[in-house]
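Asks: Submitted below is the structure of interest, expressed as structure tokens.
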Amino acid sequence: MKLIDVYRLAIQTGIEHDLRPKEMIDRILEKEKARYDSLSEEERSYFDMERLWNPYGDTRLSYGSEDLDVKRLMWGIDIETGEVLLADRLKEKGERIDGIVGHHPLGSSKIPFPEVIDIQNELYHGYGVPYNMIEGMMGSRMAEVKRGVHPSNYNQAVDAAKLLDIPIMNIHAPADNC
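For the sequence shown, my numbering gives the first residue as 1124, with consecutive numbering after it.
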């Protein structure tokens, strides 16, 4: 299986099991398309093209050739530099490890993570909870997550994987949906 196929399968499975109606996911993708269409050529060069087909900002293939054939992946919940070094060391000892898959956001998927929590707000509202009550329930957690993400060295594990040429991705919301 190709690395990109593993990744796309995770996204598709997440969409199939998403608690939000398919129409809501489609609207999110349409909104991103409209945003992209409104950008200048220069601004488009900075746009994350994945946002046109992947509704999960907290899930990304951060490094690796999409065409790479993969048979064995190392999986973990919180992938940090230590896990990347472990994968490299295991490869040196003869273990086949074609890439690393983490659950929690890493690299560029960590930056929009606070926005992803808004999904929970929409779900609560869909079940009839007023927005002011949701803000009361979720407001402090949202602020905590935002404070926790921004000062971190969010790209450290991805940078280590690049230096060691080990493909790395994370699958957060799609995995939570299942």
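For each residue, glycine too, the CB sits at the ideal point set by N, CA and C.
Note that the coordinates shown come from a computational prediction; the quantities given were computed from them, not determined experimentally.
Distance check for ARG1174 and SER1161, CA to CA, integer angstroms please.
Replies: Computed Cα separation, rounded: 15 Å.
Asks: When the Cα atoms are used, what is the spatial distance from ASP1299 to GLY1137?
Replies: The alpha-carbon atoms of ASP1299 and GLY1137 are separated by roughly 8 Å.
Asks: Since HIS1226 contacts HIS1140 with CB under 8 Å, what's their CB separation in whole angstroms?
Replies: Not quite, the Cβ-Cβ distance comes to about 15 Å (not below 8 Å), so this is no contact.
Asks: Determine, using beta carbons only, whether ASN1290 and LEU1208 come nearer to each other than 8 Å.
Replies: The residue asked about is misnamed: residue 1290 is Pro in this sequence, not Asn. Not a contact, by the Cβ cut-off of 8 Å.
Asks: Note the first and the last residue of the continuous alpha helix (DSSP H) segment covering ILE1138.
Replies: Looking at the DSSP string, the run of the alpha helix (DSSP H) that includes ILE1138 is 1126-1139.
Asks: Are ILE1220 and MET1256 touching if we call contact CB-CB under 8 Å?
Replies: No, they are not a contact pair.
Asks: Check this for me: beta carbons of VAL1281 and SER1185, under 8 Å apart or not?
Replies: Contact: yes.
Asks: Apart from the five residues just before and just after GLY1230, which ones in its own chain have a Cβ nearer than 6 Å to its Cβ?
Replies: Excluding residues within five positions, the ones whose Cβ falls inside 6 Å are SER1185, ASN1278, VAL1281.
Asks: Would you call the CB atoms of GLY1217 and GLY1187 closer than 8 Å?
Replies: Cβ distance not < 8 Å, so GLY1217 and GLY1187 don't count as in contact.
Asks: Report the rounded CA-to-CA distance for TYR1179 versus SER1232, giving the unit in angstroms.
Replies: Roughly 9 Å separates the two Cα atoms.
Asks: From ASP1388 to GLU1165, what does the alpha carbon distance come to, in whole angstroms?
Replies: Summary: the structure shown does not reach residue 1388, with the chain confined to residues 1124 through 1301, and so no result is reported for it.
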